[in-house]
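Number of protein chains: 4
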Amino acid sequence: MKVLISNDDGIHSLGLWHVARALAPIAQVFVCAPDREQSGVGTCLTLHSPIRANQVTPQVEGVTAWSVEGTPGDSVVLGLEHLVGPVDLVVSGINNGSNMGEDVLVSGTVGAALQGYVRGYNAIAISVYALSPQNYGPATALLRGLAVALNRDSLPRPLFLNINLPDLPADGLAGVEITRMGQRSYTEVVKVGEDGKRKWYWIARSKPVLHEMEGSDVSAVARQCVSITPLHTALTAEESLPALQGLREKLLEALAAASPA
Amino acid sequence: MKVLISNDDGIHSLGLWHVARALAPIAQVFVCAPDREQSGVGTCLTLHSPIRANQVTPQVEGVTAWSVEGTPGDSVVLGLEHLVGPVDLVVSGINNGSNMGEDVLVSGTVGAALQGYVRGYNAIAISVYALSPQNYGPATALLRGLAVALNRDSLPRPLFLNINLPDLPADGLAGVEITRMGQRSYTEVVKVGEDGKRKWYWIARSKPVLHEMEGSDVSAVARQCVSITPLHTALTAEESLPALQGLREKLLEALAAASPA
Amino acid sequence: MKVLISNDDGIHSLGLWHVARALAPIAQVFVCAPDREQSGVGTCLTLHSPIRANQVTPQVEGVTAWSVEGTPGDSVVLGLEHLVGPVDLVVSGINNGSNMGEDVLVSGTVGAALQGYVRGYNAIAISVYALSPQNYGPATALLRGLAVALNRDSLPRPLFLNINLPDLPADGLAGVEITRMGQRSYTEVVKVGEDGKRKWYWIARSKPVLHEMEGSDVSAVARQCVSITPLHTALTAEESLPALQGLREKLLEALAAASPA
Amino acid sequence: MKVLISNDDGIHSLGLWHVARALAPIAQVFVCAPDREQSGVGTCLTLHSPIRANQVTPQVEGVTAWSVEGTPGDSVVLGLEHLVGPVDLVVSGINNGSNMGEDVLVSGTVGAALQGYVRGYNAIAISVYALSPQNYGPATALLRGLAVALNRDSLPRPLFLNINLPDLPADGLAGVEITRMGQRSYTEVVKVGEDGKRKWYWIARSKPVLHEMEGSDVSAVARQCVSITPLHTALTAEESLPALQGLREKLLEALAAASPA
Chain F
229 MKVLISNDDG IHSLGLWHVA RALAPIAQVF VCAPDREQSG VGTCLTLHSP
279 IRANQVTPQV EGVTAWSVEG TPGDSVVLGL EHLVGPVDLV VSGINNGSNM
329 GEDVLVSGTV GAALQGYVRG YNAIAISVYA LSPQNYGPAT ALLRGLAVAL
379 NRDSLPRPLF LNINLPDLPA DGLAGVEITR MGQRSYTEVV KVGEDGKRKW
429 YWIARSKPVL HEMEGSDVSA VARQCVSITP LHTALTAEES LPALQGLREK
479 LLEALAAASP A
Chain H
229 MKVLISNDDG IHSLGLWHVA RALAPIAQVF VCAPDREQSG VGTCLTLHSP
279 IRANQVTPQV EGVTAWSVEG TPGDSVVLGL EHLVGPVDLV VSGINNGSNM
329 GEDVLVSGTV GAALQGYVRG YNAIAISVYA LSPQNYGPAT ALLRGLAVAL
379 NRDSLPRPLF LNINLPDLPA DGLAGVEITR MGQRSYTEVV KVGEDGKRKW
429 YWIARSKPVL HEMEGSDVSA VARQCVSITP LHTALTAEES LPALQGLREK
479 LLEALAAASP A
Chain R
229 MKVLISNDDG IHSLGLWHVA RALAPIAQVF VCAPDREQSG VGTCLTLHSP
279 IRANQVTPQV EGVTAWSVEG TPGDSVVLGL EHLVGPVDLV VSGINNGSNM
329 GEDVLVSGTV GAALQGYVRG YNAIAISVYA LSPQNYGPAT ALLRGLAVAL
379 NRDSLPRPLF LNINLPDLPA DGLAGVEITR MGQRSYTEVV KVGEDGKRKW
429 YWIARSKPVL HEMEGSDVSA VARQCVSITP LHTALTAEES LPALQGLREK
479 LLEALAAASP A
Chain V
229 MKVLISNDDG IHSLGLWHVA RALAPIAQVF VCAPDREQSG VGTCLTLHSP
279 IRANQVTPQV EGVTAWSVEG TPGDSVVLGL EHLVGPVDLV VSGINNGSNM
329 GEDVLVSGTV GAALQGYVRG YNAIAISVYA LSPQNYGPAT ALLRGLAVAL
379 NRDSLPRPLF LNINLPDLPA DGLAGVEITR MGQRSYTEVV KVGEDGKRKW
429 YWIARSKPVL HEMEGSDVSA VARQCVSITP LHTALTAEES LPALQGLREK
479 LLEALAAASP A
């Protein structure tokens, strides 16, 4: 089994190397991760300029690691399309901080896993809420279990799993739940300052607002469970299709008005 | 009616000002757009450093415009949370090039509209396939019609519409279709070079592969129709939930093995 | 006469367009300036990635203008080596804020002019101390006079002039002085903050400390005079050469110790 | 003795750690270096946004090291003003590639040392022409000798030394010369390309042109000697002062014409 590991906290992050350490005994492990923290960059790819990558000394023996001067998405694209080639699994994380509800849309952790999924590989994004150093154990145990299960089982492929854990030791966990993506947990606010010459604006995450929608990722973690949410990229709002059909005639009229007589 | 316009081609793009010109007669129009082209940055938000914005001379009278040193997402967050405040509609585009299928996930055009939608506002991302300068007419006529319709009609709110047009004049269009998001139309490839000291890698889009899935955005545009796809942010892969339930027991075992005895 | 204008405040800066307006009647004027403010970037060139430039609508008729997604130095290199070709004069400014003493070393205004000078062209960096909008007159009158004089007179070539003006109308100026570069007038301090996840450090200029060394740029401006300092790039500290000769023997011994026996 | 080491090749560069290894036995060694390669950024300081720094595992025992998400100049400012405090010596290098002639003006290696010098500390920038891994020995031996000599001797302070070595083992060196800064050895050229949507321009260094001016850095290295050039920041072109005095009257007339009647 070949596994590509990335993240958005950067290649120096402890969480990434805990994943490498957990999977190295059961897989051929490659790391392609950003050289700097990249929280919030979501699905961003660098298309307008070249990027660099340095092969670096791995913190886990037997692992091959590249530090990429780019985004999480860049790191995985570069790994899969050039440095590493096809793999059996892409893992992004362990992220320091949860990625739940609509926050997954701007999560670099999820953005890295996405690039594996759209290429047809199983992909896992894994995050721990407000991570304490001692609580990597459950996340890594889970990953090891999942890596084996996804590789052997006759599950549909590719799977794109977004996993969130509460900040607890294994014996403090209340269970494992298969969940749906919840609503927003953070919102952005804008702080304003002055640098002597011009105003600056700093987009900051406000405190999390936990909407405990039944069956959601947010709700599972609030009840001290591990949350596993299967994601896909079919963003179509099926529920809005009928209402929009009713608009078609009006829009055809609008278009007709745009035509030269 | 208040409308915030953004894009990912940058504030100098012709497409953006065509939107402003089309909507200025029927709405109070504000522009918050990146000062540089930002294709491919997707949902990216700048959370690690402050950004700047300059109020600039608008190309359309009566419009208030800011040039933002940040991403499309940053531009809309800054507009809605600080510079402009609440609006009735966010429009992103007219993008020079289509945003269909899974490409919408890394589209800065869609990433800008997203920040309106997650705040509860109607949001439209609009793109024209390989835009010829003379073919802005259908896109702007459609936007004007939609802006009025969304403001008056008893449609569900918020709507998040991803609109793609073929590069045709209004009388060349074969119709308007309400579609589903299709599959990938582009893929990324990595070009490799040398700058004398180190290798560089440049992620580039390969030529579009048009998968003509029935009822998709890609298929509609291929048949010379306008495609309107309603999007949402509920990324849960409902179809994978049952299969994952079967994994729970194995994962609980894996976790148990992580517990100290 | 062909003149290339750049700056470090960015192409939207009023000062740059005042220069263009002043010189357009007597020269063929080209603008290549950064699209964003770039104070403090000094001599920086972008060698690791490509840059873009957009031809933009000039604020002064007859001028050809490019907005460059790069540093002041990049803008001038791109202008002289590709977009414009050889010129008779490079002007950088009018900068909003003085560039005196050792600050010229990190000044983007001076960094832009430098790239003209090292290619053999006359180059002028011009700055006004805490610029009031009404006080562009003296700077532009001076530039017009200098452009003519440098083009006609049998002065040595190339000249690299760093000009600083106090923030005064022409009839408030006490004279014009040919000066030497003074000592530091600003120093950098580091502000420390927290973004929730990590510390950040912000390098800021502290208040100017005016060392009024006789005959210096700082001293001239303090006495309400225009300061004109001729610069060169011969950074050799002639005064230290004798003392270093005395070190040579010791260093040869150190090197000998490094040799394999 | 306290020494701060930086560079522009980035904290992963072998040259930097060779310096640390050479000086650790005789000094308290601190490293503040950019996390990415920064060739060509010259004197650039990041004044418009905060920077981050991570304390990292040193490759040499007893050394304290920070990886800085900024320029070489930023790294030294942050070290001296916040992380480390006052030191006895700043060393920048060993750079992979020479920094001679006017190239020192855009050299990040020299830009890092500059920030030590302008604060009153002895500062050394050290580079090897086209470095072979086996030829670090002479550079490190020289640095050890210099660090001791500068600390003990009654030399003028601060000294700012720009050192260049040919790519030779110690027993291949023809001597040590105290030199003057020579003329340009590189020039920039602009390569042009297309990314499918827009042109890009890439500023590249052309092949070195070695002007063998007698007594210069370039000439010394060409004759297989170590070159030590003392630099200062007094950029005044003394030789141009007389010619400019003759311009003063004309410029006063130009200014008078700018005055309101």
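Residue numbers (our numbering), protein chains in the order written: chain F, 229 to 489; chain H, 229 to 489; chain R, 229 to 489; chain V, 229 to 489.
Here a beta-carbon is modelled for each residue, glycine too, at the ideal position from N, C-alpha and C.
Bear in mind that the values here come from a model prediction, so they are computed numbers and not experimental data.
In the DSSP assignment, find the unbroken alpha helix (DSSP H) run with residue i in it and report its ends.
i        : result
Ala471/V : Leu469 to Gln473
Lys478/V : Arg476 to Ala486
Leu370/V : Gly365 to Arg380
Ala448/H : Asp445 to Ala450
Val305/F : Pro300 to Leu306
Ala252/F : First-last for Ala252/F: undefined, no H or E at that position.
Do residue j and residue i have their beta-carbon atoms positioned less than 8 Å apart in this structure?
i        : j        : result
Asn392/H : Asp331/H : no
Leu308/H : Val319/H : no
Leu273/F : Gly270/H : yes
His240/V : Val418/F : no
Leu317/R : Met409/R : no
Gly243/V : Ile322/V : yes
Arg433/F : Leu275/H : yes
Ala398/V : Leu483/R : yes
Ala281/V : Leu306/V : yes
Asn390/H : Asn327/H : yes
Thr185/V : Val247/V : Any answer about residue 185/V is impossible in this case: the structure gives chain V only from 229 up to 489.
Pro262/F : Val312/F : no
Quick one: what's got a C-beta closer than 8 Å to residue i's C-beta in the same chain, skipping five residues either side?
i        : result
Ser360/H : Asp395
Please list the terminal residues of the continuous beta strand (DSSP E) segment that includes residue i.
i        : result
Tyr345/H : That residue, Tyr345/H, is in no beta strand (DSSP E); its alpha helix (DSSP H) goes Gly336 to Tyr345.
Asn282/H : Ala281 to Val284
Val296/V : Thr292 to Val296
Gly321/F : Leu317 to Asn324
Gly403/V : Gly403 to Ile406
Ignore the nearest five residues each way along the sequence and tell me which others in residue i's own chain have a CB closer than 7 Å to its CB.
i        : result
Arg451/R : Ala402
Ala190/R : Because chain R here runs from 229 to 489, residue 190/R falls outside it and cannot be looked at.
Arg264/V : Gly238
Gly187/V : In this structure chain V extends from 229 to 489, so residue 187/V is not present and cannot be described.
Arg249/R : Val288
Lys478/F : none
Gly365/R : Pro397 and Ala398
Met441/F : Gly410, Gln411 and Ser447
My assumption, with CB atoms under 8 Å, is that residue i sits in contact with residue j. Please give the rounded CB distance.
i        : j        : result
Val449/H : Tyr357/H : 6 Å
Trp294/H : Pro278/F : Between Pro278/F and Trp294/H the Cβ distance is about 30 Å, and since that is not below 8 Å, they are no contact.
Leu463/H : Leu459/F : 5 Å
Val304/F : Cys260/F : 6 Å
Asn235/F : Pro286/F : Actually they are not in contact, since the Cβ atoms of Asn235/F and Pro286/F sit about 14 Å apart, beyond 8 Å.
Val404/F : Arg476/H : 5 Å
Pull up the DSSP beta-bridge partners for residue i, would you.
i        : result
Leu393/V : Val356/V
Lys419/V : Trp430/V
Pro458/V : Leu389/V
Ser234/F : Ser320/F
Thr464/F : Leu459/H
Ala351/H : Val318/H and Phe388/H
Val259/R : Ile233/R and Ala293/R
Can you find the residues in the same chain that come closer than 6 Å, C-beta to C-beta, to residue i, ignoring five residues on each side of it along the sequence?
i        : result
Arg412/V : Gly329 and Glu330
Phe388/H : Tyr345, Ala351 and Leu459
Glu466/H : none
Gly373/F : none
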